[in-house]
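Residue numbers for the sequence shown follow this note's numbering, so the first one is 15 and each next one is one higher.
Think of the CB as a built atom: it goes at the ideal place given N, C-alpha and C, for glycine as much as any other residue.
Encoded as structure tokens, the structure appears first; notes follow it.
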Amino acid sequence: GAPLNTSQNEGAQSLSSDGNYMYFTACERPGGLGSCDIFFSALNNGKWSLPVNLGSPVNTKYWEVQPSINAAGNMLFFSSNRPGGIGGKDLWFSVYKSNRKWSTPRNLGNVINTPGDEMSPFIHFDGKTLYFSSDGLPGMGGLDIYFSRMRDDTTWTEPKNLGYPINTYNDEMGLTIESGGQKAYFSTKRDEKEGKNIYSFKL
């Protein structure tokens, strides 16, 4: 309900580990910087606060979507087609600084990003393992789900394809892991007579 949902489009969201803060995608909102921006809302006395646009430098006049906040609440990953990237849509991250502002987002680099599209990042509770979808890495077709681990110097290991039967020739994306860490959920099309459905599997 209101004030999170409006007559415009609201999309992918990410909750803080305590469940009290939400980062989410909203498009065509009044006061937005681009077509789709990342917004923030807090849960107070059982009600969500009026969403606030994260503003610059996280949001731009371009497309910023699909946020994922780490368990510590100080790193925000997202997908964007902003300038300075490697492909169409790239993965970026921003760090929450001591002055209570988000840093200028950094591109995750050409180990993760390709000339294709990288989307739907999900940072694991360990703060190092990143799951994401890409159509630019060697895969099984369309968007596949991969994972990579961040080293101490914030560089990334070579992404690994989750393989069959998770990935297929169709698009697989939007992987999230429940708080217990035992089950993962993702979106894919498995029946040609249907659209995308949500599936789960044990990790």
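Name the residue from the options whose alpha carbon lies nearest to the alpha carbon of residue i.
{"i": "Leu-90", "options": "Asn-124, Asn-127 and Ser-134", "result": "Ser-134"}
{"i": "Gln-22", "options": "Gly-33, Ser-28 and Ser-49", "result": "Ser-49"}
{"i": "Leu-176", "options": "Leu-217, Thr-74 and Glu-42", "result": "Leu-217"}
{"i": "Met-36", "options": "Leu-18, Leu-47 and Met-187", "result": "Leu-18"}
{"i": "Asp-32", "options": "Ile-83, Glu-24 and Gly-25", "result": "Ile-83"}
{"i": "Met-187", "options": "Gln-196, Tyr-76, Ser-148 and Glu-208", "result": "Ser-148"}
{"i": "Gly-98", "options": "Pro-119, Gly-155 and Thr-190", "result": "Pro-119"}
{"i": "Pro-81", "options": "Asn-58, Gln-196, Ser-70 and Leu-105", "result": "Leu-105"}
{"i": "Ile-191", "options": "Ile-212, Asn-184, Ser-63 and Glu-208", "result": "Ile-212"}
{"i": "Pro-44", "options": "Trp-62, Arg-96 and Thr-20", "result": "Thr-20"}
{"i": "Gly-15", "options": "Ala-26, Ile-126 and Lys-61", "result": "Lys-61"}
{"i": "Asp-166", "options": "Leu-189, Asp-158, Gly-155 and Gly-141", "result": "Gly-141"}
Tell me, to the nearest whole angstrom, how far the beta carbon of residue i is from that of residue j; I am working on the premise that it is less than 8 Å.
{"i": "Ser-93", "j": "Glu-132", "result": "6 Å"}
{"i": "Ala-85", "j": "Phe-139", "result": "5 Å"}
{"i": "Leu-151", "j": "Tyr-145", "result": "The Cβ separation is near 13 Å, so there is no contact."}
{"i": "Pro-65", "j": "Gly-101", "result": "Wrong, their Cβ atoms sit about 29 Å apart, outside the cutoff."}
Just checking: is the beta-carbon of residue i within a distance shorter than 9 Å of some beta-carbon in chain C?
{"i": "Ser-31", "result": "No chain C appears in this structure, which consists of one protein chain only."}
What is the residue span of the beta strand (DSSP E) that residue i lies within?
{"i": "Trp-106", "result": "104-109"}
{"i": "Leu-40", "result": "Note on identity: in this sequence residue 40 is Ala, with Leu being the wrong assignment. It spans 35-41 - the beta strand (DSSP E) in which Ala-40 sits, taken as one unbroken run."}
{"i": "Gly-25", "result": "23-29"}
{"i": "Ala-56", "result": "50-58"}
{"i": "Val-125", "result": "Unbroken run through Val-125: none, as it is neither H nor E."}
{"i": "Glu-78", "result": "78-83"}
{"i": "Leu-218", "result": "The shown model of the chain, from 15 to 217, leaves out residue 218, and the question about it has no answer."}
{"i": "Lys-216", "result": "211-216"}
Specify whether the segment 53-66 and the segment 94-110 touch according to this definition: at least 3 beta carbon pairs, one from each stretch, less than 8 Å apart.
no
In the segment 135-205, which residue ranges form an unbroken beta strand (DSSP E) of at least 3 residues, counting only runs that do not cross its ends?
Uninterrupted beta strand (DSSP E) stretches at least 3 residues long and entirely within the segment 135-205 occur at 143-148, 158-163, 186-191 and 197-202, given in chain order.
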